[in-house]
Amino acid sequence: MTFTLFPDTRLTLARDALAGLSVGDALGSQFFVPGRRPDDLAAGRLPAPPWEWTDDTEMACSVVAELAAGARIDRDRLALAFAQRCEPYRGYGPGAVRVLRLIRTGTPWPVAAASAFDGQGSCGNGAAMRVAPLGAWHADSTRRAAEQARASAEVTHAHPEGVAGAVAVAVAASLAARARLDGGRPEPARLLSAVAGALDPAGEVHQGVRRAATLLGRPAAEAADALGNGSRVTAQDTVPFTLWVAATLLHDYPAAIRVCVEAGGDVDTTAAIVGGIVAAYTGVGGRGGVPQDWLTAREPLPGWVTTPA
Ligand code: AR6
Ligand code: MG
Numbered sequence: 008m009t010f011t012l013f014p015d016t017r018l019t020l021a022r023d024a025l026a027g028l029s030v031g032d033a034l035g036s037q038f039f040v041p042g043r044r045p046d047d048l049a050a051g052r053l054p055a056p057p058w059e060w061t062d063d064t065e066m067a068c069s070v071v072a073e074l075a076a077g078a079r080i081d082r083d084r085l086a087l088a089f090a091q092r093c094e095p096y097r098g099y100g101p102g103a104v105r106v107l108r109l110i111r112t113g114t115p116w117p118v119a120a121a122s123a124f125d126g127q128g129s130c131g132n133g134a135a136m137r138v139a140p141l142g143a144w145h146a147d148s149t150r151r152a153a154e155q156a157r158a159s160a161e162v163t164h165a166h167p168e169g170v171a172g173a174v175a176v177a178v179a180a181s182l183a184a185r186a187r188l189d190g191g192r193p194e195p196a197r198l199l200s201a202v203a204g205a206l207d208p209a210g211e212v213h214q215g216v217r218r219a220a221t222l223l224g225r226p227a228a229e230a231a232d233a234l235g236n237g238s239r240v241t242a243q244d245t246v247p248f249t250l251w252v253a254a255t256l257l258h259d260y261p262a263a264i265r266v267c268v269e270a271g272g273d274v275d276t277t278a279a280i281v282g283g284i285v286a287a288y289t290g291v292g293g294r295g296g297v298p299q300d301w302l303t304a305r306e307p308l309p310g311w312v313t314t315p316a
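Start counting the sequence shown at 8; every next residue gets the next number (this note's numbering).
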């Protein structure tokens, strides 16, 4: 089935994904504070607000601002936006800090991104963590979601696995948003198989997503053990588990975030990825959606994304 998706609808889908991403990021990062225990969240005890968001949200806001302004990713503009808006205290990865500094001081992004990690390029999870709203924007085409995710990734992540992580998350978010519009929930195995189909079969992220599909129905701790929980901060170690969680709990935002918190590892980023995909399906408020009190506890998003000039 083909259909017309009006720009306002695209923006609503992307903004809902951004709400889910930023709340997941901000709440997840609360669990790096000493003394915080995942059981508190399970028991309904929330950390005291405000929950400050991190680099995941800052970069995702730039992606959404680019889409709102031009409907497509212009890599030169996006690279500059990432570089100029980077507040290093937000917890950026060391490779990202360096690449963004190079871009800010005039190095073209292809040169800066290719120079990371001794010329291998970054396979960090940073391109995946910011991309779910872009996938939701492309609810009408997983092909377009994949192509635009690639463009949004390569300005900082030149390593094929770093790019594959972004493609995987964007395709999942596109399918989630599409399912919301169609009014039916995708079967977890079908969701994962569609994502795997968009990736290079020789890649590690692809293999991880295939493996995630074999673990559907198993306990979350077993899936995290087998797939990784992001503690290595790479796409390979982060994206397969996040897709397992999103596919399993696509209808239940709070439960999906709790699973990320309980799994440990790079919690702000696993919760940002999962939150972005799941909120593309559930939306904000309402049954299974991003809870209103969680949204209120999150530090407000930057003015340039909420009320663009
Ligand atoms: N070889 C080995 N390790 C690598 C490589 C490589 N080619 N590339 C990346 N890593 P980075 P990001 C590892 O710094 O992707 C924040 O906490 C390496 O350990 O390019 O934007 C966010 O919240 C490197 O430090 O930044 C996210 O969790 C790490 O991957 C995360 O950082 C991250 O790559 C986003 O990181
Ligand atoms: Mg972060």
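Ideal Cβ placement from N, Cα and C applies to all residues, glycine included.
Determine the burial state of ASP273: buried for a count of at least 16 other Cβ atoms within 10 Å of its Cβ, exposed for fewer. Classification of ASP273: buried, given that the 10 Å Cβ count is 16 or more.
For ALA76, which residues in the same chain have their Cβ closer than 8 Å to its Cβ, ignoring the five residues on either side in sequence? PRO315
Separation of LEU25 from ALA67, as counted between CA atoms: Each residue's alpha carbon lies about 7 Å from the other.
Inter-residue spacing [alpha-carbon to alpha-carbon] between TRP251 and GLY290: 19 Å
Taking 7 Å as the threshold (C-beta atoms), are LEU34 and TRP58 in contact? yes
Relative to the ligand MG, what is the chain-ordered list of residues with a Cβ closer than 5 Å to any of its non-hydrogen atoms? Qualifying residues come out as THR61, ASP62, ASP63, GLY98 and ASP275.
Residue burial classification, VAL281 (beta-carbon count within 10 angstroms, cutoff 16): The residue in question, VAL281, is buried, as its Cβ has 16 or more Cβ neighbours within 10 Å.
With ALA242 and ALA171 assumed to form a contact (beta carbons below 8 Å), what rounded beta-carbon distance in angstroms separates them? 6 Å
Helix, strand or coil: how does DSSP classify VAL240 here? coil
Measure how close the beta-carbons of ALA183 and LEU257 come, nearest whole angstrom, since I'm counting them as under 8 Å. Yes, they are in contact, since the Cβ atoms of ALA183 and LEU257 sit about 6 Å apart, within 8 Å.
In its own chain, which residues sit with a C-beta less than 8 Å from the C-beta of ASP81, not counting the 5 before and 5 after it? GLU73
For GLN299, the first and last residue of its enclosing alpha helix (DSSP H): 299–304
Which residues mark the beginning and the end of the alpha helix (DSSP H) in which SER181 is found? 167–189
What three-state label does DSSP hand TRP144 in the structure shown? helix
Nearest residue (CA-CA) to PRO117, options LEU85, ARG150 and LEU188: Comparing Cα positions, the closest option is LEU85.
Less than 6 Å separating the Cβ of GLY204 from some heavy atom of the ligand AR6? No, the beta carbon of GLY204 sits no closer than 6 Å to any heavy atom of the ligand AR6.
Residues of its chain near ARG92, where Cβ-Cβ distance is below 7 Å and the 5 sequence neighbours each way are ignored: GLU65 and SER69
Where does ARG131 sit, in a helix, a strand or coil, going by DSSP? Checking the displayed sequence, the identity of residue 131 turns out to be Gly instead of Arg. In the structure shown, GLY131 sits in a strand (DSSP, three-state: E or B).
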